Amino acid sequence: MRENATTKVQDEFEIVIGLEIHVQLLTASKMFCGCSTRFGAPPNTQVCPVCLGLPGSLPVINRKAVELGLRTALALNCTIHPQSQFHRKNYYYPDLPKNYQISQYQYKDHPPLASDGHLTFEFDGQARTVRIRRVHLEEDTGKLVHVERDGTVLYSLVDYNRSGVPLMEIVTEPDLRSPEEAREFLSRLRTLLQYLEVSSGRMEEGTLRCDANVSLRRRGEPLGIRTEVKNMNSLRAVEKALSFEVARQREILQAGGEVVQETRHWDERREVTFGSREKEEAQDYRYFPEPDLVPMVLDPAWIEEIRRTLPELPEERRRRYVEQYALSPHDAALLVENKAMADFFEATIKLFPQPKTVCNWLLGDVTGYANTHGMEFTDLPLTPEKLAEMLKLMEDGTISIRLAKEILEEMLATGKDASSIVAEKGLVQIRDEDALRAIVEEVIAENPNPVRDYRAGKEKALTFLVGQVMRKTSGRANPDLVNRLLKERLHG
Amino acid sequence: MADQITDLSAVELRERLVRGDISAQEVTEAFLQRIHALDPRLHAFLYVDTEGAIAQARQVDEQVLTGARRSGRELPPLAGIPVAVKDNICTKGIPTTCASRILEGWRPPYDATVVERLRRAGAIILGKTNLDEFAMGSSTENSGFGPTRNPWDLTRVPGGSSGGSAAAVAAGMAPLALGSDTGGSIRQPAALCGIVGLKPTYGRVSRYGLVAFASSLDQIGPMARTVTDCAILLNVIAGNDPRDSTSANLPCPDFTRALQVEVRGLRIGIPRECFVEGLQPEVREAVLQAARLFSDLGAVCEEISLPHLDYALPTYYLIAPAEASSNLARYDGVQYGYRAKAGDLYTMYARTRREGFGAEVKRRIMLGTYALSAGYYEAFYLKALQVRTLIKQDFDVAFQDHDLILMPTSPTVAFPLGEKVTDPLQMYLNDIFTIPVSLAGLPGISVPCGFANGLPIGLQLVGRPFDEETVLRAAFTFEQHTEYWKARPVTSDTVTRDKVKE
Ligand SMILES: [Zn+2]
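Residue numbers (the numbering used here), protein chains in the order written: chain A, 1 to 492; chain B, 493 to 994.
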């Protein structure tokens with residue numbers, strides 16, 4: 001599939017992909033009222049006349065949401081419009097209490113918050129630049145809950161807790177040339193949003209949603225007919241859905257057919273995109289300037305302040321890790337991609353100043369544990385203090401590497417710290433020479449052949465003998481010490 | 493006693509309340525009694541909050557008046573003064589219907605900012621007054637619950653859309669009332685009922701809790717029998733509100749300080765475009781006579797031109813319905829109000845709106861939807877916005893050399909019920925002099941300036957943005973030199989007498 005989608009098709013067709021990304025902003029209150037945005041509250045407990053759209057209520061712009069929008073726009077190198085306008089997007093749906101959504105539409109005289117930016121990232125060993133068409137703010141809708149019996153919907157309920165939650169929409173130009181590239185872009189953007197502390201960026205929870213416009217064209221020809229793919233709930237789903245859609249369109253075009261302009265939904269289980277059966281009418285949203293809000297005029301000093309206080313962005317951080325900590329570019333990139341992990345890394349090396357070691361553990365055992373258990377890094381009960389303590393125990397020889405791996409696993413499973421695990425299980429390394437000498441004697445007595453081999457010059461036999469001692473001590477012996485004691489005894 | 497109390501202005505009531513001559517409860521009961529006597533024939537009220545009003549009055553008596561009298565503290569400005577509230581302004585726990593079947597029985601969970609301010613000022617809320625459904629109309633005949641009648645002649649309309657508030661004040665059923673004005677809905681009924689009605693500058697009074705008709709035009713304002721009472725009520729409701737982004741962040745003066753008998757040197761412009769065909773001769777004469785009075789008092793009256801006045805009506809009937817089509821989309825049967833029975837969502841939407849809205853509301857929703865539709869937006873809505881700017885500029889030019897503009901409020905006096913219901917265009921022409929002022933967002937007042945066949949005529953005075961003070965000063969001066977405002981509708985007295993005889 002992967003090969004089909006890119007390598008072959010690129011020979012004949014050029015893939016053209018543009019993304020529309022909806023980002024739930026990390027504000028404490030909603031876009032146009034003071035209600036909480038906290039997720040998971042009982043239905044309709046975080047509502048007021050404004051977000052319920054009650055008659056007579058009026059919206060007031062949330063300044064924090066604008067700030068987060070500006071932070072993003074600046075990080076994406078956009079032009080900020082000193083005066084922008086909100087519009088009403090009119091359509092009927094029960095999750096939309098006013099039957100219009102307050103959003104920002106593009107008219108000549110009424111620009112959105114920001115436009116004309118770009119994000120540059122490395123893909124396939126090349127620097128790629130994707131242009132950002134616009135960044136704007138809007139409000140989220142409520143949520144329908146369908147009550148079903150035997151597969152038929154009996155009735156639907158509306159939860160308005162999400163109604164009015166601030167959303168930022170980021171629209172790219174159709175600059176992406178493969179599903180893999182689209183995925184990579186989205187991943188970079190998500191990391192950026194996390195660094196900006198603008199969004200939690202969790203696609204699975206819907207705090208980051210992505211729709212894609214996809215079309216194919218023969219090289220040098222004008223843009224082909226596009227379809228809009230929706231309902232992709234992970235980075236992996238984006239790549240898979242786009243690959244499927246590219247292959248589907250290619251088949252149609254190669255057979256001399258014509259792609260139908262439509263919205264298609266990604267079916268995660270069947271791994272296909274499907275169009276809605278109904279004929280799509282071109283929806284007329286009858287946008288017009290929101291008369292309840294005066295044009296939003298931004299103070300240039302405020303924009304400057306936001307620009308000045310932008311946090312370190314992933315690209316800078318990656319560079320710094322290579323230069324300052326001598327991490328490999330590959331490791332630095334992996335670490336930086338996960339902001340929580342990178343922050344964790346920095347906190348840990350303050351306590352245990354060996355960047356490479358810390359990095360290896362984080363990218364190795366810790367990430368491995370999270371992956372096998374299907375957990376996010378942030379879900380792990382590990383703290384920089386706990387990891388640093390374990391690494392110190394290892395460094396001062398209290399525990400061996402092998403033991404350290406076991407202990408870490410237990411730390412991750414139980415949240416306990418390394419020293420208490422060590423104490424509980426009596427895992428402290430045996431560094432008592434007399435105790436070890438007795439075991440060394442046992443091993444030599446039990447393994448006459450390897451002993452003979454070693455004395456005959458086969459160095460490898462020593463490794464075997466060390467292993468035997470470690471086995472007898474359940475790995476608690478200090479390997480260096482065992483090595484020395486064995487050599488002394490065999491040479492002596 | 494009851495009749496005497498209901499004859500008093502808010503200022504006079506306050507004097508007696510402060511002195512302890514009467515209690516807030518006595519005042520409230522007197523007005524409630526008059527409502528119960530007159531309203532069955534006038535139908536100015538959609539809801540009378542008898543119990544709530546008396547409870548409020550008792551509370552004012554016990555906690556506010558007694559305390560203030562004892563301590564000598566200044567009373568809140570409206571302590572114990574009853575107010576009637578137009579039924580498109582949200583009142584917590586009290587039905588707010590906008591005179592529409594679609595909102596029948598809906599009780600808002602919150603008070604509009606103006607209602608909060610009324611309560612804080614000690615006012616007693618008597619009830620909710622009738623209007624054209626969602627404030628769309630000029631006769632109150634578009635009410636989903638039956639029309640209001642003009643106290644001066646029960647066969648005639650009180651004007652609209654704030655016809656209920658105007659009739660209530662004119663008939664002495666409330667000393668003060670709140671109205672809302674989108675294209676003349678305070679000023680025109682004030683003129684037709686012979687009272688004073690002020691539409692403040694757009695942004696002067698918070699719209700939070702005013703059920704929107706056309707957001708860029710709607711404005712709440714005071715209605716009363718005197719200019720002074722209007723100024724007192726304006727003092728209470730005006731001022732910035734953080735919950736309304738379009739409310740102006742400007743300091744509010746004490747508007748009663750503007751009430752001086754002094755117009756010397758005031759430059760008053762009289763637009764020649766107003767004196768055209770369709771203007772009732774008696775109205776024309778009364779307005780010109782008012783201008784002569786101002787001249788006699790030392791003002792400088794000059795003819796001016798508002799060249800784009802002709803376009804005001806079509807401009808308004810694109811912008812207001814466009815905004816309304818979106819504002820009224822929320823009445824869909826999902827969350828509150830009327831819901832028609834239906835098997836599926838689309839049918840429920842369609843039936844709810846077909847059965848819940850009246851004809852005029854549906855007409856405007858369709859007009860507005862059309863004006864905003866793809867392919868028509870530029871030609872209609874956008875063009876209307878541009879013409880609106882031209883109309884504003886006309887006023888800007890006029891106000892370079894003039895402090896005030898004087899014109900009729902309405903081209904005719906009150907017309908018979910039913911006369912224009914079937915002819916929307918004829919009905920729309922009622923607001924030909926008030927609409928341009930609304931489009932420009934300017935403050936305008938209507939004061940009684942004469943009678944034609946026993947029916948009141950209104951004079952409209954329009955000021956610069958946020959210069960309500962000059963408007964009030966000129967209106968007050970005019971009032972102090974005329975007697976029209978002292979006349980009381982005969983009909984309401986007859987009604988009362990009939991009641992007494994029974
Ligand atoms: Zn809310």
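Beta carbons: idealized from backbone N, C-alpha and C, even for Gly.
Quick caveat: nothing in here was measured; it's all calculated off a predicted structure.
Next item on the list: Could you tell me if lysine 240 of chain A is buried or exposed, where buried requires 16 or more neighbouring beta carbons within 10 angstroms of its beta carbon?
Entry: It is buried - the Cβ of lysine 240 of chain A has at least 16 other Cβ atoms within 10 Å.
Check: Can the beta-carbon of methionine 715 of chain B be found less than 8 Å from the beta-carbon of alanine 669 of chain B?
Finding: Result yes, Cβ atoms of methionine 715 of chain B and alanine 669 of chain B sit closer than 8 Å.
Item checked: Exposed unless 16 or more other CB atoms sit within 10 angstroms - verdict on isoleucine 401 of chain A -> With fewer than 16 Cβ atoms within 10 Å of its Cβ, isoleucine 401 of chain A is classed as exposed.
Checklist line | Quiz: which residues have CB nearer than 6 Å to ligand 1 non-hydrogen atoms | finding: This selection yields A:Lys30, A:Cys33, A:Cys35, A:Val47, A:Cys48, A:Val50, A:Cys51 and A:Gly164.
Check: Per DSSP, arginine 131 of chain A is paired with what?
Finding: Arginine 131 of chain A has A:His118 as its beta-bridge partners, per DSSP.
Notebook entry, point to check: Considering histidine 491 of chain A, what are the terminal residues of the alpha helix (DSSP H) in which it resides?
Noted result: Under the DSSP assignment, histidine 491 of chain A falls in the alpha helix (DSSP H) whose first and last residues are 479–491.
Item checked: Interface partners of leucine 951 of chain B on chain A, CB under 8 Å -> By Cβ distance, chain A contributes nothing, its closest Cβ being about 30 Å from leucine 951 of chain B, past 8 Å.
Margin query: What would DSSP say about arginine 756 of chain B, mapped onto helix, strand or coil?
Written below: Looking at arginine 756 of chain B - three-state DSSP - the assignment turns out to be coil, as it is neither helix nor strand.
Item checked: Residue burial classification, glycine 257 of chain A (beta-carbon count within 10 angstroms, cutoff 16) -> When all chains shown are included, glycine 257 of chain A counts as exposed.
Next item on the list: Write down every uninterrupted run of the alpha helix (DSSP H) in the region 842–914 of chain B whose length is 4 residues or greater and which is fully enclosed by it, in chain order.
Entry: Within the region 842–914 of chain B, the complete alpha helix (DSSP H) runs of at least 4 residues are 851–864 and 875–893.
Checklist line | Per-residue burial, glycine 957 of chain B [other beta carbons within 10 Å of its own, 16 or more giving buried] | finding: In the sequence under discussion, the amino acid at residue 957 of chain B is proline, which differs from the glycine named in the question. Under this definition proline 957 of chain B is a buried residue.
Note to self: Does glutamate 12 of chain A pass the burial test, meaning 16 or more other C-beta atoms within 10 Å, or should it be called exposed?
What the structure shows: Label assigned to glutamate 12 of chain A: exposed.
Next item on the list: Check each candidate in A:Gln324, A:Asp140 and A:Ala333 and name the one with the smallest Cα separation from glutamine 354 of chain A.
Entry: Distances from the CA of glutamine 354 of chain A to each of A:Gln324, A:Asp140 and A:Ala333 were compared; the closest alpha carbon is that of A:Gln324.
Next item on the list: Assess, as a yes-or-no matter, whether the region 658–673 of chain B is touched by the region 530–548 of chain B under the definition of 3 or more beta carbon pairs within less than 8 Å.
Entry: Yes, since at least three Cβ pairs between the region 530–548 of chain B and the region 658–673 of chain B fall closer than 8 Å, the two stretches touch.
Next item on the list: Would you give the residue range spanned by the alpha helix (DSSP H) that asparagine 449 of chain A belongs to?
Entry: The continuous alpha helix (DSSP H) containing asparagine 449 of chain A extends over residues 448–455.
Notebook entry, point to check: On the three-state DSSP scale, how would you describe leucine 26 of chain A?
Noted result: In this structure, leucine 26 of chain A counts as coil in the three-state DSSP scheme.
Next item on the list: Please go through the region 194–267 of chain A and give each complete alpha helix (DSSP H) segment of 4 or more residues, from N-terminal end onward.
Entry: Qualifying alpha helix (DSSP H) stretches, in chain order: 235–254.
Notebook entry, point to check: Taking only beta-carbon atoms, is valine 826 of chain B less than 8 Å away from chain A?
Noted result: Yes, contact with chain A.
Check: In or out: glutamate 961 of chain B buried (at least 16 other Cβ within 10 Å) or exposed?
Finding: Of the residues assessed, glutamate 961 of chain B falls on the buried side of the cut-off, its CB having 16 or more other CB atoms within 10 angstroms.
Notebook entry, point to check: Mind checking alanine 591 of chain B: buried by the 16 CB within 10 Å criterion, or exposed?
Noted result: By the 10 Å Cβ count, alanine 591 of chain B comes out buried.
Note to self: What does the alpha-carbon distance come out to for the pair glutamate 488 of chain A and leucine 327 of chain A?
What the structure shows: When rounded, the distance between both Cα atoms is 39 Å.
Next item on the list: Output the distance between the C-alpha atoms of threonine 357 of chain A and leucine 382 of chain A, rounded to the nearest integer angstrom.
Entry: Those two C-alpha atoms are separated by around 16 Å.
Margin query: 8 Å is my cut-off, CB to CB: does leucine 864 of chain B come that close to chain A?
Written below: Yes, leucine 864 of chain B lies at the interface with chain A (some Cβ there is under 8 Å from its Cβ).
Next item on the list: Just the C-alpha distance for leucine 462 of chain A and leucine 490 of chain A, rounded to the nearest angstrom, thanks.
Entry: For leucine 462 of chain A and leucine 490 of chain A, the distance between alpha carbons rounds to 10 Å.
Next item on the list: Please decide whether proline 166 of chain A counts as near chain B, where near means a Cβ-Cβ distance under 8 Å.
Entry: So, not an interface residue.
Next item on the list: Kindly indicate which three-state DSSP category asparagine 90 of chain A falls into: helix, strand or coil?
Entry: Reduced to three states, the DSSP call for asparagine 90 of chain A is strand.
Check: Can you list the residues of chain A that proline 601 of chain B reaches, using a CB-CB cut of under 8 Å?
Finding: Neighbours of proline 601 of chain B on chain A, chain order: Pro49 and Leu54.
Margin query: Just to confirm, is the Cβ distance from proline 948 of chain B to phenylalanine 925 of chain B under 8 Å?
Written below: Going by C-beta atoms, proline 948 of chain B is not nearer than 8 Å to phenylalanine 925 of chain B.
Check: Is it right to say threonine 558 of chain B is buried, meaning 16 or more other beta carbons lie within 10 angstroms of its own, or is it exposed?
Finding: So threonine 558 of chain B ends up on the exposed side.
Notebook entry, point to check: Under the DSSP definition of a beta bridge, which residues are partnered with lysine 620 of chain B?
Noted result: In the DSSP assignment, the residues bridged to lysine 620 of chain B are B:Tyr539 and B:Val577.
Check: What separation, rounded to the nearest whole angstrom, lies between the Cα atoms of serine 474 of chain A and threonine 191 of chain A?
Finding: About 43 Å.
Note to self: What are the residues in the region 113–125 of chain A lying within 9 Å of chain B by C-beta distance?
What the structure shows: Cβ contacts with chain B come from no residue of the region 113–125 of chain A.
Item checked: Bounding residues of the alpha helix (DSSP H) (the contiguous stretch that carries valine 661 of chain B) -> Per DSSP, the unbroken alpha helix (DSSP H) holding valine 661 of chain B starts and ends at 655–662.
Check: In three-state DSSP terms, what is alanine 613 of chain B?
Finding: It is coil, neither helix nor strand.
Notebook entry, point to check: Under 8 Å between C-beta atoms, does lysine 356 of chain A make it to chain B?
Noted result: Not an interface residue.
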